[in-house]
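Peer 1:
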């Protein structure tokens, strides 16, 4: 339903859009104003069951504005069943060897997609990471860099910018081969490049232990009470002068909370595995936290005697 | 030597290291130098320079075949120049026509203590965030890149501050004055 100018009636008339035929028809005189209009909604039949060669989907994926031509291109596929046809196989070879300005980009995007899948990240973060990579790649100076570390750093920055930070160790675990140091260096490089490009627009807040609490707790299977107590404890601990990395503080708080709860207590090894913090570091952070434990742990979670029973470091 | 600056707190940064370079203006045979002097080491596969050390002032020099020399470890501008002269003298005694051209101090590292703990996360969030880098996962200190004078300060939670990148003593005195007034706001 809408209004358009009908050439027969020579005035603005009400116009009906017929979806089934794709026609725009004037309701007064019946003149077809536009026919065969292109439907821009998504494919309404889904083919999850059908696999194999004849996939009847008529549309491809969404256009990607980051790629040079929006991702629209035709690729000659390798024929199945090994046809000995000389022409089709060499056509495929020639197409792939041809200058494809986006090849590196597509490969990088694929790697980022793999890494974010392994971490279970949402598409927003993945798209952000792609955008960051494209911006860095636009400046040619990044050629000689370790690609894996660069991509991992893009993902790390994307997570930070979306306020869902991931520890460098977590990113390390999905980036094949990149070490913490390399990712750190790549991250500094990217921040500098982005700062040069758009005068200091890189906004990244500092990490806090509370950001990681939910994730670490669910990795260990703690119950809701314990999770809430842990989050409160971490908030309170920021007021005290504890000179430790926020991740180590988080791990130590989890250790204290789990020691206080009645359920099955994870060992230091389990906590070390879930948080990525070394056992020795958790022990040392526990030593630093212990003097303040009364003030940090919420009173509704544990009583004073329990706290006194807590093994002293 | 410039007079000591009057900082309201009375804290003065202390120089820990000075790096300087000088051109001896003649080609050197590093093998000959390494063989004929006691206090030097030369491993061409590892690094293509002779590493020579003297006891007083306690300094180390990297001597390159082109005749350029880097002198590190001195705690004082005069000591750095004196040490460089001593190294040049050693090279002269070994038979090379060494001169003393373009003595320049490249970097001065100084450290001090502001005597109070600092809230680094708050500091990085303010208007100074554009110049600071604070990544507790990567490095426990906040890296502050000051624009005027152009140098780098490492600020730690304990209140210790390391200033590096200065070419003159006055530079880091100014830098410390600037940073002290800012840091006082973020006392824990």
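Chains as they are written, first to last, in our numbering: chain A, 1 to 313; chain B, 314 to 501. Ideal Cβ placement from N, Cα and C applies to all residues, glycine included. Because the structure is a prediction, the values reported are computed rather than measured.
Please name the residues in the segment 413-429 of chain B whose beta-carbon is closer than 9 Å to at least one beta-carbon of chain A, in chain order.
Peer 2: Listed by position along the chain: nothing, the set is empty.
Peer 1: Rounded to whole angstroms, what's the CA-CA distance from residue 164 of chain A to residue 484 of chain B? Just pull it up for me.
Peer 2: Going by the C-alpha atoms only, they are around 40 Å apart.
Peer 1: From the beta carbon of residue 288 of chain A, is the nearest beta carbon of chain B less than 8 Å away?
Peer 2: So, not an interface residue.
Peer 1: List, in order along the chain, the chain E residues whose C-beta lies closer than 8 Å to that of residue 501 of chain B?
Peer 2: Of the protein chains in this structure, namely A and B, none is chain E.
Peer 1: For residue 22 of chain A, count the other beta carbons within 10 Å of its own beta carbon; 16 or more makes it buried, fewer makes it exposed. Which is it?
Peer 2: Flag for residue 22 of chain A reads exposed.
Peer 1: Look at the Cβ atom of residue 134 of chain A, then the Cβ atom of residue 105 of chain A, and state whether they are nearer than 8 Å.
Peer 2: Yes, the Cβ-Cβ distance between residue 134 of chain A and residue 105 of chain A is below 8 Å.
Peer 1: Let me make sure I understand the geometry here. Which of B/458, B/428, B/397 and B/403 has the alpha-carbon closest to that of residue 322 of chain B?
Peer 2: The residue with the shortest Cα to Cα distance from residue 322 of chain B is B/428.
Peer 1: Can you name the residues of chain B whose CB is closer than 9 Å to the CB of residue 256 of chain A?
Peer 2: Result: empty, since nearest Cβ-Cβ is about 20 Å, beyond 9 Å.
Peer 1: What in chain A is Cβ-close to residue 447 of chain B, meaning under 7 Å?
Peer 2: Here the neighbours are 206.
Peer 1: Of all the options B/430, B/470 and B/425, which has the alpha carbon lying nearest to the alpha carbon of residue 488 of chain B?
Peer 2: Looking at the Cα atoms, B/425 is the closest of the given residues.
Peer 1: Measuring CB atoms only, is the segment 277-284 of chain A touching the segment 233-248 of chain A, in the sense that at least three cross pairs come out at less than 8 Å?
Peer 2: At 8 Å Cβ cutoff, the stretches touch.
Peer 1: If you pair each beta-carbon of the segment 146-154 of chain A with each one of the segment 107-118 of chain A, do three or more pairs fall below 8 Å?
Peer 2: Taking 8 Å as the limit for Cβ pairs, the verdict is that the segment 107-118 of chain A does touch the segment 146-154 of chain A.
Peer 1: Given 8 Å as the limit, is there contact between the segment 195-212 of chain A and the segment 165-172 of chain A, that is, 3 or more CB pairs closer than that?
Peer 2: Touching, yes.
Peer 1: At least one CB of chain A closer than 8 Å to the CB of residue 451 of chain B: is that the case?
Peer 2: With 8 Å as the cut-off, residue 451 of chain B counts as an interface residue toward chain A.
Peer 1: Report, in whole angstroms, the separation of the C-beta atoms of residue 466 of chain B and residue 474 of chain B, which I expect to be a contact under 8 Å.
Peer 2: Contact flag correct, Cβ pair sits at about 6 Å.
Peer 1: Which value, in whole angstroms, describes the spacing of the CA atoms of residue 420 of chain B and residue 232 of chain A?
Peer 2: Roughly 46 Å between the two C-alpha positions.
Peer 1: How many whole angstroms separate the CB atoms of residue 158 of chain A and residue 185 of chain A, which I take to be in contact at a CB cut-off of 8 Å?
Peer 2: Contact flag wrong, Cβ pair sits at about 18 Å.
Peer 1: From the DSSP secondary-structure annotation, give me the bridge partner or partners of residue 14 of chain A.
Peer 2: Looking at the DSSP assignment, residue 14 of chain A forms a beta bridge with A/3.
Peer 1: Taking a cut of 7 Å between CB atoms, which residues from the segment 220-253 of chain A lie near chain B?
Peer 2: Listed by position along the chain: 241, 243, 245, 246 and 247.
Peer 1: Select from A/253, A/298 and A/30 the residue whose C-alpha is nearest the C-alpha of residue 289 of chain A.
Peer 2: Of the candidates A/253, A/298 and A/30, the one whose C-alpha sits nearest the C-alpha of residue 289 of chain A is A/253.
Peer 1: For residue 478 of chain B, does the three-state DSSP call read helix, strand or coil?
Peer 2: Strand at residue 478 of chain B.
Peer 1: In three-state DSSP terms, what is residue 500 of chain B?
Peer 2: Strand, per DSSP.
Peer 1: Check for me: the beta strand (DSSP E) holding residue 34 of chain A runs from which residue to which?
Peer 2: Taken as a continuous stretch (DSSP letters only), the beta strand (DSSP E) holding residue 34 of chain A covers 32-34.
Peer 1: In angstroms with no decimal places, state the Cα-to-Cα distance between residue 285 of chain A and residue 188 of chain A.
Peer 2: Roughly 27 Å separates the two Cα atoms.
Peer 1: Any idea what DSSP makes of residue 329 of chain B, helix, strand or coil?
Peer 2: Note: residue 329 of chain B maps to strand in three-state DSSP.
Peer 1: Look up residue 195 of chain A in the DSSP assignment and say whether it is helix, strand or coil.
Peer 2: It is helical.
Peer 1: Which value, in whole angstroms, describes the spacing of the CA atoms of residue 2 of chain A and residue 29 of chain A?
Peer 2: Going by the C-alpha atoms only, they are around 15 Å apart.
Peer 1: Kindly indicate if chain A contains any beta-carbon less than 8 Å away from that of residue 470 of chain B.
Peer 2: Yes, residue 470 of chain B lies at the interface with chain A (some Cβ there is under 8 Å from its Cβ).
Peer 1: Do residue 445 of chain B and residue 452 of chain B have their C-beta atoms within less than 8 Å of each other?
Peer 2: Result no, Cβ atoms of residue 445 of chain B and residue 452 of chain B do not sit closer than 8 Å.
Peer 1: Is the distance from the Cβ of residue 130 of chain A to the Cβ of residue 66 of chain A below 8 Å?
Peer 2: Cβ atoms of residue 130 of chain A and residue 66 of chain A: closer than 8 Å.
Peer 1: Cα separation between residue 371 of chain B and residue 230 of chain A?
Peer 2: Roughly 53 Å between the two C-alpha positions.
Peer 1: When the distance is taken between beta carbons, is residue 237 of chain A closer than 8 Å to residue 183 of chain A?
Peer 2: Result no, Cβ atoms of residue 183 of chain A and residue 237 of chain A do not sit closer than 8 Å.
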